[in-house]
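Before any comments, here is the structure.
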Amino acid sequence: MKQFETALPEHYETLKKQANYTSSWRDRLDAVEKLSAYQHEKVIDLLKNRMQHDTVYKVQAAAYEALAAFGENVEKPSPARFDIIKNTDKILLRVKKSLPKDHTAADFADKLKRMRLDVYDAYEGDKGEQFMNWLEERWAKL
Numbered sequence: 220m221k222q223f224e225t226a227l228p229e230h231y232e233t234l235k236k237q238a239n240y241t242s243s244w245r246d247r248l249d250a251v252e253k254l255s256a257y258q259h260e261k262v263i264d265l266l267k268n269r270m271q272h273d274t275v276y277k278v279q280a281a282a283y284e285a286l287a288a289f290g291e292n293v294e295k296p297s298p299a300r301f302d303i304i305k306n307t308d309k310i311l312l313r314v315k316k317s318l319p320k321d322h323t324a325a326d327f328a329d330k331l332k333r334m335r336l337d338v339y340d341a342y343e344g345d346k347g348e349q350f351m352n353w354l355e356e357r358w359a360k361l
């Protein structure tokens with residue numbers, strides 16, 4: 220069985236902030252991966268929170284894997300079936316209305332990234348390589 224560090228990491232507070240940073244799923248995933256080496260009560264609580272409440276499935280799954288490796292009794296999260304952020308269509312429509320009539324899908328993506336980085340980042344992490352195709356489809360339907 221794999222051995223884990225049982226002490227709280229020296230840089231725990233920094234990793235905790237990083238794990239909860241809403242504008243970057245990559246930072247959250249990186250923090251979860253780093254914390255997975257430390258089997259400490261505070262780390263376990265933080266990983267359970269990420270597993271249950273993160274908007275990006277990759278982060279949820281990484282937290283689950285770490286908790287399972289610790290021997291925690293956790294149920295694997297399932298990917299979201301619908302919008303991962305409430306009122307996504309309203310947010311996207313607001314962004315589209317803020318642009319000139321002859322704007323492009325690229326203009327829309329850029330404006331979304333500037334106005335709502337949290338939304339852009341969450342869906343980018345969730346959709347992966349299909350993100351731009353998904354965003355263009357949503358943009359066309361609005």
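Quick note, the sequence shown lines up with residues 220 to 361 if you use our numbering. Note that the Cβ used here is the ideal one computed from N, Cα and C, for glycine as well. On a predicted model such as this, the values are computed, not experimentally measured, just so you know.
Thinking C-beta only, is D337 closer than 7 Å to S242?
Here residue 242 corresponds to residue number 23 of the sequence shown, with the count starting at 1. Here residue 337 corresponds to residue number 118 of the sequence shown, with the count starting at 1. Yes, the pair counts as a contact, with Cβ atoms nearer than the cut-off.
Look at the Cβ atom of A328, then the Cβ atom of I303, and state whether they are nearer than 7 Å.
Taking the first residue of the sequence shown as position 1, residue 328 is located at position 109. Taking the first residue of the sequence shown as position 1, residue 303 is located at position 84. Cβ distance not < 7 Å, so A328 and I303 don't count as in contact.
Taking the Cβ atom as the reference point for each residue, do L361 and L311 lie within a distance shorter than 7 Å?
Locating residue 361 in the sequence shown gives position 142, where the first residue counts as 1. Locating residue 311 in the sequence shown gives position 92, where the first residue counts as 1. Going by C-beta atoms, L361 is nearer than 7 Å to L311.
Specify the secondary structure class of E229 as computed by DSSP and reduced to three states.
For the purposes of this step, residue 229 is identified with residue 10 of the sequence shown, where counting begins at 1. Three-state DSSP puts E229 in coil, outside helix and strand.
Bridge partners for E343 per DSSP, in chain order?
In the sequence shown, counting from the first residue as 1, residue 343 sits at position 124. In DSSP, E343 forms no bridge with anything.
What's the C-alpha gap between P228 and E343?
As a first step, residue 228 is located in the sequence shown; it is residue number 9 there, counting from the start. As a first step, residue 343 is located in the sequence shown; it is residue number 124 there, counting from the start. About 30 Å.
Would you check whether the ligand PLP has a heavy atom nearer than 6 Å to the C-beta of L331?
The model on display carries no ligand, and the ligand PLP is accordingly not part of it.
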